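Chemist: The structure follows.
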Amino acid sequence: MEHKKAFLDTENHVYSLEDLIGRGAQGNIYKGIHKSSGEVHALKMFEKYNLQTQREMDALSKLQHPNIVMFYKCEKDSKKKEVIVMELCEGGSLLDSIRKPENITGLEEEEFLRVFSHLVSGMKHLRKHGFSHRDIKPGNILVCIGEDSRNIYKLSDFGTAKPLNDNDFFVSLVGTDEYLHPDIYKAAFIDRRRGGGSFTISADLWSLGATLYHTVTGKVPFSPYIGRDDKNVMFEMISEKESGVISGEQMSAGGSIHWSKNLPKTCRLSKSMNTCVKTILINLLESDKTKIWSFEDFFDAADELMSRKPVYVFYPNTCTRNILYVKQETNFRELKDMISSETDITHANQFVLYSDNHLNNILSETDCVFQNISTDYENPLIILDVSNKEETASIIYEPWEHAVFDEPMPCFELTERTVYDINRDFQVAKIYCAKMFLMEKIIKKLELFKKLLQQTVGVSRKHNDQKLDVFSRELSFLQQRLSDISSLTEHSKKEKFTAITKEGDEAEDDTMMTKARVQKCEKVLSEISGLYTEEKKLFPGQKPCANCLQNNTDSERKVRRHIVQSEELLKKFAERRSQRMTVHIEYMHNFDRKNILEHSKEIQKMMTISKTELEKEHSDFIVWNR
Numbered sequence: 000m001e002h003k004k005a006f007l008d009t010e011n012h013v014y015s016l017e018d019l020i021g022r023g024a025q026g027n028i029y030k031g032i033h034k035s036s037g038e039v040h041a042l043k044m045f046e047k048y049n050l051q052t053q054r055e056m057d058a059l060s061k062l063q064h065p066n067i068v069m070f071y072k073c074e075k076d077s078k079k080k081e082v083i084v085m086e087l088c089e090g091g092s093l094l095d096s097i098r099k100p101e102n103i104t105g106l107e108e109e110e111f112l113r114v115f116s117h118l119v120s121g122m123k124h125l126r127k128h129g130f131s132h133r134d135i136k137p138g139n140i141l142v143c144i145g146e147d148s149r150n151i152y153k154l155s156d157f158g159t160a161k162p163l164n165d166n167d168f169f170v171s172l173v174g175t176d177e178y179l180h181p182d183i184y185k186a187a188f189i190d191r192r193r194g195g196g197s198f199t200i201s202a203d204l205w206s207l208g209a210t211l212y213h214t215v216t217g218k219v220p221f222s223p224y225i226g227r228d229d230k231n232v233m234f235e236m237i238s239e240k241e242s243g244v245i246s247g248e249q250m251s252a253g254g255s256i257h258w259s260k261n262l263p264k265t266c267r268l269s270k271s272m273n274t275c276v277k278t279i280l281i282n283l284l285e286s287d288k289t290k291i292w293s294f295e296d297f298f299d300a301a302d303e304l305m306s307r308k309p310v311y312v313f314y315p316n317t318c319t320r321n322i323l324y325v326k327q328e329t330n331f332r333e334l335k336d337m338i339s340s341e342t343d344i345t346h347a348n349q350f351v352l353y354s355d356n357h358l359n360n361i362l363s364e365t366d367c368v369f370q371n372i373s374t375d376y377e378n379p380l381i382i383l384d385v386s387n388k389e390e391t392a393s394i395i396y397e398p399w400e401h402a403v404f405d406e407p408m409p410c411f412e413l414t415e416r417t418v419y420d421i422n423r424d425f426q427v428a429k430i431y432c433a434k435m436f437l438m439e440k441i442i443k444k445l446e447l448f449k450k451l452l453q454q455t456v457g458v459s460r461k462h463n464d465q466k467l468d469v470f471s472r473e474l475s476f477l478q479q480r481l482s483d484i485s486s487l488t489e490h491s492k493k494e495k496f497t498a499i500t501k502e503g504d505e506a507e508d509d510t511m512m513t514k515a516r517v518q519k520c521e522k523v524l525s526e527i528s529g530l531y532t533e534e535k536k537l538f539p540g541q542k543p544c545a546n547c548l549q550n551n552t553d554s555e556r557k558v559r560r561h562i563v564q565s566e567e568l569l570k571k572f573a574e575r576r577s578q579r580m581t582v583h584i585e586y587m588h589n590f591d592r593k594n595i596l597e598h599s600k601e602i603q604k605m606m607t608i609s610k611t612e613l614e615k616e617h618s619d620f621i622v623w624n625r
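Okay, structure coming up:
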C-alpha cells in the first residue's frame with residue numbers, strides 16, 4: 000500500500016512532520032507548501048514565544064541580503080504558536096557539506112573561496128546594520144542552489160543575534176562550544192561562579208576563524224582527545240596557545256597538545272592560497288586583545304584577497320601546478336617576476352606557453368595579462384625551465400597526495416558474526432569512501448598532467464619548427480646573396496683589375512671569409528636539424544591517440560562506478576546504526592564490508608597504474624628537455 004503522509008497546517012502553509020529538515024534549541028524546522036501559490040518554504044516552529052523568538056524575527060526582517068537567509072513573514076500554526084516563514088535552502092548546511100566523504104579533508108579551493116566570499120558579504124551586511132550574530136558556525140550557514148547550479152551560502156539562525164556597535168559589550172553566554180571565543184568559553188564552562196562577564200563583537204571574528212578553519216580542513220581547529228566534553232583541555236587550548244598558532248590537537252587521553260601554525264598537510268589549497276588563508280586565520284584565532292583584528296582589518300584583508308584573479312600554472316620540469324593570485328592590472332613582466340619568486344626560474348629561462356603558442360608571441364612585457372589570456376585547471380600557463388641544468392626525473396607530489404599514497408587505512412575489526420560494531424564500521428567505511436574520492440581526484444590530475452606534458456613538447460616543437468623555418472629561409476637568402484657577391488667579385492677581377500692589386504685581394508678575401516661563415520651556419524643548422532630529428536624519435540607525437548583518450552575516459556567511468564557503489568554501501572552502513580541486526584542483515588553486512596574493501600583496492604590499482612605511466616612519461620620528458 001502507498002504510504003500517506005499526515006499533514007498539519009499554519010495560517011498559509013501545509014506541512015508534514017515527516018518533512019523535518021532541521022532541529023534547533025527553540026524548535027524544529029519543516030518543509031512547508033504555501034496553500035495558494037504552491038511555493039515551498041522553510042517553516043521554523045517555536046515551542047514557546049520568548050526573547051530569542053522576537054530577536055530572530057527582528058533581525059531577519061531588517062537583514063535582507065543575498066547571503067542571509069530570506070525572511071518572508073511570521074504566522075501562527077493551528078495551536079497559535081509562532082512560525083517564521085523563510086526561504087528553503089535545499090542544499091542543507093555547510094556542516095552537511097563538510098561531513099560528506101569527498102570533503103573529509105576540507106572543501107576544494109574554488110568552493111572554499113565561494114564560501115569565504117559569501118560569508119564576507121553577509122558579515123559586511125550585518126556590521127553595516129549594527130548586528131552581531133554571536134553563533135557563527137558551519138551548521139548555521141545554509142546552502143541554496145543557484146540558477147547556474149552553483150552553491151549560494153547564507154547566514155541563518157539569528158536567535159542569538161543582537162544589535163551591537165564596534166565598542167559595545169554583551170553579557171549573554173551564547174554560541175557553540177568548538178567555535179566560542181576564549182572569554183565566553185571561560186565564563187560559560189570554567190569560571191561560572193563569577194556570573195559571566197562582558198564581551199565584544201570580536202567574539203564573532205573568533206567564531207568566523209574557527210568556521211573557516213573547519214571549512215578548509217574538515218575538522219575543528221582545537222580538539223581534545225575525548226572531544227568537546229573535556230572542557231578544561233579545550234579551554235587550555237584556546238586560552239594558552241601562542242600567537243600565530245591556528246590549531247591544537249590532543250593525540251591521547253591526558254597527553255600533550257600538538258600545536259600547529261600551519262594548515263594540515265591534508266589541506267588541498269594551492270601554495271599561494273594556503274599562505275593567504277593562514278594569515279587570515281592567525282589574526283582571527285587570536286586571544287590577545289592587543290593583537291586581534293577588528294572587523295575593518297578583516298574586511299580589508301578579505302577585499303584584497305578577493306580582488307585578485309587566479310592564474311593557473313603548470314611546471315612540467317617538476318610536474319606540479321599552482322594558482323597565482325594576481326592583481327587585475329598585472330602585466331606580463333610582473334607575472335614573470337612572480338614566477339621567478341616562486342620557482343627561481345629567471346626571466347631568460349622561462350619558456351611560457353599558452354594554448355598552442357609561446358606567450359612572448361602574444362604579449363609584450365607591459366601588456367596586461369587578463370586582457371589577453373584566460374586560464375583554468377585544464378588550460379594553464381605552462382612554465383618550462385630551459386636553463387639546461389642537470390635534472391633528475393622526479394615528480395614533486397603535493398602533501399595531501401603523499402597522505403593518500405602513504406598513510407595506512409583503518410581495518411574492519413575481525414569479530415564474531417554476532418558482535419559487529421556498526422558505529423565503528425560506519426566510520427571505517429566513511430574513511431574508505433573519502434579516500435576513494437581523493438584517489439579519483441589524483442587519477443584525474445595524473446591523466447591531465449600526461450596530456451600537459453605532451454602539450455608542452457608539442458608547442459615547443461611547433462615553436463622550434465617555426466624558428467628552424469626562419470633560419471632556413473634566412474640562410475637560403477644569405478647563400479643567394481653570397482653567390483651574387485662571388486659573381487660580382489669575379490666579374491670585377493676580370494673587368495677592373497687587370498693585375499693583382501691590393502683592392503682585388505681584399506675583395507676576394509672578404510668573399511672567402513663570408514663564404515666560410517655561411518658554410519659554418521649550414522653545418523650548425525644541419526646538426527640542429529639532426530638533433531631535432533632524434534628528439535622526435537625520443538618523445539614522439541603531441542596528441543594522444545584516440546585509443547588512449549578512450550582508455551582514459553573508460554578508466555574515469557570505472558572509478559566513478561566504484562565510488563557510486565561504495566556510497567550506496569555507506570548509506571546501508573548508516574541505516575544499520577538504527578536497525579536491529581538480524582542474522583540475515585549480519586550476513587549482508589559482512590558481504591558489504593568485503594565489497595567496500597574491493598572497491599577501494601580497484602581504484603587504488605588504477606591510481607598506481609596512472610602514477611607509473613606519468614612517472615615514465617615525465618622521465619622521458621626530462622631527457623628530452625636537457
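If you're matching positions, the sequence shown starts at 0 in numbering that gives the first Met the number 0 and goes up one per residue. Heads up, the beta-carbon is just placed ideally off N, CA and C, and yes, glycines get one too. Remember, predicted model here, so these are calculated numbers, not experimental data.
1. Please list the segments of the alpha helix (DSSP H) lying wholly inside the segment 199–229, counting only runs of 4 or more residues, in order along the chain.
2. Specify the secondary structure class of Arg625 as computed by DSSP and reduced to three states.
3. So which of Ala433, His617, Asp287, Pro315 has the shortest CA-CA distance to Ile602?
4. Checking contacts by CB at 9 Å: is Val558 closer than that to chain D?
5. Candidates Lys444, Ser373, Val142, Ser339: which alpha carbon is nearest Tyr396's?
6. Can you tell which of Ala573, Glu108, His617, His12 has its C-alpha closest to the C-alpha of Asp76?
7. Taking DSSP as the reference, what is the three-state secondary structure of Gly31?
8. Which full runs of the alpha helix (DSSP H) of 4+ residues lie inside the segment 37–95, going along the chain?
9. Would you report the Cα separation of Leu62 and Lys288, rounded to the nearest angstrom?
10. For Val276 versus Leu211, is the C-beta distance shorter than 9 Å?
11. Please specify which runs of the beta strand (DSSP E), each continuous and at least 3 residues long, are wholly inside the segment 334–384, giving them in chain order.
12. Please state whether DSSP places Thr611 in a helix, a strand or coil.
13. When DSSP builds the beta bridges, which residues end up paired with Ser120?
14. Quick check on DSSP: helix, strand or coil for His132?
15. Once DSSP output is grouped into helix, strand and coil, what is the label at His257?
16. On the three-state DSSP scale, how would you describe Phe404?
17. Look up Ala5 in the DSSP assignment and say whether it is helix, strand or coil.
18. Mark Gln25 as exposed unless 16 or more other C-beta atoms lie within 10 angstroms of its C-beta, in which case mark it buried.
19. Does DSSP put Ser171 in a helix, in a strand, or in coil?
20. Given this structure, state the Cα-to-Cα distance separating Glu10 from Ser35, to the nearest angstrom.
21. Is it true that the segment 112–129 meets the segment 50–66, where meeting means three or more beta-carbon pairs spaced less than 8 Å apart?
22. What would DSSP say about Pro181, mapped onto helix, strand or coil?
23. Which residue or residues does DSSP assign as beta-bridge partners of Pro309?
24. Around the C-beta of Gln479, are 16 or more other C-beta atoms found within 10 angstroms, so that it is buried, or is it exposed?
25. Would you tell me roughly how many angstroms separate the C-alpha atoms of Val351 and Ile381, rounded to the nearest one?
26. What residue does the beta strand (DSSP E) around Cys143 start on, and which one ends it?
27. Between which two residues does the alpha helix (DSSP H) harbouring Ser271 extend?
28. For Gln249, does the three-state DSSP call read helix, strand or coil?
29. Please list the terminal residues of the continuous beta strand (DSSP E) segment that includes Leu16.
Modeler: In short:
1. Fully enclosed alpha helix (DSSP H) runs of 4 or longer: 201–216.
2. Numbered from 1 along the sequence shown, position 626 holds the residue referred to as residue 625. If DSSP states are grouped into helix, strand and coil, Arg625 belongs with coil.
3. For the purposes of this step, residue 602 is identified with residue 603 of the sequence shown, where counting begins at 1. Of Ala433, His617, Asp287, Pro315, the residue nearest in Cα terms is Ala433.
4. Of the protein chains in this structure there is only one, and it is not chain D.
5. By 1-based counting over the sequence shown, the position of residue 396 is 397. That would be Lys444, whose Cα lies nearest to the Cα of Tyr396.
6. Counted from its first residue, the sequence shown places residue 76 at position 77. Looking at the Cα atoms, His12 is the closest of the given residues.
7. The sequence position of residue 31 within the sequence shown is 32, counting from 1. Gly31: strand per DSSP, three-state reduction.
8. As for any alpha helix (DSSP H) of minimum length 4 sitting wholly inside the segment 37–95, the runs are 50–61, ordered along the chain.
9. For the purposes of this step, residue 62 is taken as the residue at position 63 of the sequence shown. For the purposes of this step, residue 288 is taken as the residue at position 289 of the sequence shown. Each residue's alpha carbon lies about 29 Å from the other.
10. Counting from 1 along the sequence shown, the entry for residue 276 is found at position 277. Counting from 1 along the sequence shown, the entry for residue 211 is found at position 212. Taking 9 Å as the Cβ cut-off, Val276 and Leu211 qualify as a contacting pair.
11. Correct list: 349–353, 380–384.
12. Taking the sequence shown and counting its residues from 1, the one referred to as residue 611 is at position 612. Helix at Thr611.
13. Against the sequence shown, residue 120 aligns to sequence position 121. According to DSSP, which records beta bridges pairwise, Ser120 is partnered with nothing at all.
14. Sequence index remark: in the sequence shown, residue 132 carries index 133 (1-based). Looking at His132 - three-state DSSP - the assignment turns out to be coil, as it is neither helix nor strand.
15. Locating residue 257 in the sequence shown gives position 258, counting from the first residue. In this structure, His257 counts as strand in the three-state DSSP scheme.
16. In the sequence shown, residue 404 corresponds to position 405, counting from 1. The answer is helix: DSSP assigns Phe404 an H, G or I state.
17. Reading the sequence shown from its first residue, position 6 is the one you call residue 5. Three-state DSSP puts Ala5 in coil, outside helix and strand.
18. Position 26 of the sequence shown holds residue 25. So Gln25 ends up on the buried side.
19. As a first step, residue 171 must be located in the sequence shown, where it is residue number 172. Only weak support is given to the placement of Ser171: the predicted model assigns it a pLDDT of 48, under 50, and the value that follows is read from those uncertain coordinates. If DSSP states are grouped into helix, strand and coil, Ser171 belongs with coil.
20. Translated into positions along the sequence shown, residue 10 becomes position 11. Translated into positions along the sequence shown, residue 35 becomes position 36. Cα to Cα, the separation comes out at about 11 Å.
21. yes
22. The residue labelled residue 181 in the question sits at position 182 within the sequence shown. Here Pro181 sits in helix by DSSP.
23. Here residue 309 refers to the residue found at position 310 of the sequence shown. According to DSSP, which records beta bridges pairwise, Pro309 is partnered with Tyr324.
24. Here residue 479 refers to the residue found at position 480 when the sequence shown is read from its first residue. It counts as exposed.
25. Indexing the sequence shown from 1 puts residue 351 at position 352. Indexing the sequence shown from 1 puts residue 381 at position 382. When rounded, the distance between both Cα atoms is 6 Å.
26. By 1-based counting over the sequence shown, the position of residue 143 is 144. Here the beta strand (DSSP E) through Cys143 covers 140–144.
27. Taking the sequence shown and counting its residues from 1, one reaches residue 271 at position 272. Segment 270–283, the alpha helix (DSSP H) holding Ser271.
28. Position 250 of the sequence shown, counted from the first residue, corresponds to residue 249. Strand, per DSSP.
29. In the sequence shown, counting from the first residue as 1, residue 16 sits at position 17. Element bounds for Leu16: 12–22.
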